[in-house]
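One structure is given below, encoded as structure tokens.
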Amino acid sequence: MSENSNESSRANSVHHVVFAVPQEQLSDTAQFFSELGFRFQTIELEDVGLRVLLDWDGGVELVTPLPSAADGENAVANFLQQNGPGVYSVVIRVGDAPAAEQVAQRYGAQTLFHQHRGGDGYELDEIEMSVLGLPLTFLSTDLP
């Protein structure tokens, strides 16, 4: 088997990096990445209290708490209060997020958040966790 065919069959990979950014820095941070060539889609997730700017192809996601969640029990708000802006999670694309979670649990993973979204012809599962001290999110989806 050639090296290229081996690489193309690789199912799991780093998909994107999630940066937590305070609301007051979001515009400047988005502008900075935009000037570097990233193109963000903005998504408001009221159910989890987040504004998300995502460049799916570029591998960068910016997250900030919605104003209604900035002082509550929002995980991103808590992260920002404790750490300031920074890498919130590294998203690993896997074929089966629950199966990946089971592997991580053998290494003492602490699962922080489960999310399933679907509609308009897509399914997406995300499992956010801390494993071996690393902030990881497993993503499985049928989106390209």
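Counting from 1, position 126 in the sequence shown corresponds to residue 126 in UniProt numbering; the numbering is continuous, with no gaps.
Glycine included, every Cβ here is placed at the ideal spot set by N, Cα and C.
Residue i versus the options, residue with shortest Cα-Cα distance
{"i": "D120", "options": "A75, D142, Q110, G49", "result": "D142"}
{"i": "G118", "options": "P98, Y107, S140, T42", "result": "S140"}
{"i": "W56", "options": "A109, E73, I92, A11", "result": "I92"}
Near the ligand MG: residue i beta-carbon under 7 Å from a heavy atom
{"i": "V87", "result": "This structure simply doesn't include the ligand MG, nor any ligand for that matter."}
Bounding residues of the beta strand (DSSP E) (the contiguous stretch that carries residue i)
{"i": "D57", "result": "That residue, D57, is in no beta strand (DSSP E); it is neither H nor E in DSSP."}
{"i": "A20", "result": "13-20"}
{"i": "E44", "result": "41-45"}
Residue i versus residue j - alpha carbon distance
{"i": "S5", "j": "D96", "result": "Below a pLDDT of 50, predicted positions are generally treated as unreliable, and S5, at 38, falls in that range; the measurement from the model is reported next regardless. Looking at the two C-alpha atoms, the distance is approximately 22 Å."}
{"i": "A100", "j": "V94", "result": "7 Å"}
{"i": "Q105", "j": "V131", "result": "8 Å"}
{"i": "Y107", "j": "T42", "result": "35 Å"}
{"i": "S34", "j": "G133", "result": "31 Å"}
{"i": "E128", "j": "Y122", "result": "20 Å"}
{"i": "E24", "j": "Q31", "result": "13 Å"}
{"i": "H114", "j": "L36", "result": "32 Å"}
{"i": "R51", "j": "R39", "result": "16 Å"}
{"i": "A20", "j": "F79", "result": "8 Å"}
{"i": "S89", "j": "A75", "result": "12 Å"}
Beta-carbon proximity of residue i to residue j, cut-off 8 Å
{"i": "E46", "j": "L54", "result": "no"}
{"i": "P65", "j": "A77", "result": "yes"}
{"i": "T111", "j": "E126", "result": "no"}
{"i": "G49", "j": "S68", "result": "yes"}
{"i": "H15", "j": "G58", "result": "no"}
{"i": "Q18", "j": "V63", "result": "According to the sequence provided, residue 18 is Val. The question's Gln does not apply to it. Contact flag set, yes."}
{"i": "P144", "j": "V87", "result": "no"}
Start-to-end residues for the alpha helix (DSSP H) that takes in residue i
{"i": "E24", "result": "23-35"}
* Runs of beta strand (DSSP E) wholly within the region 72-134 (minimum 3 residues, chain order) -> 86-93, 110-119, 122-131
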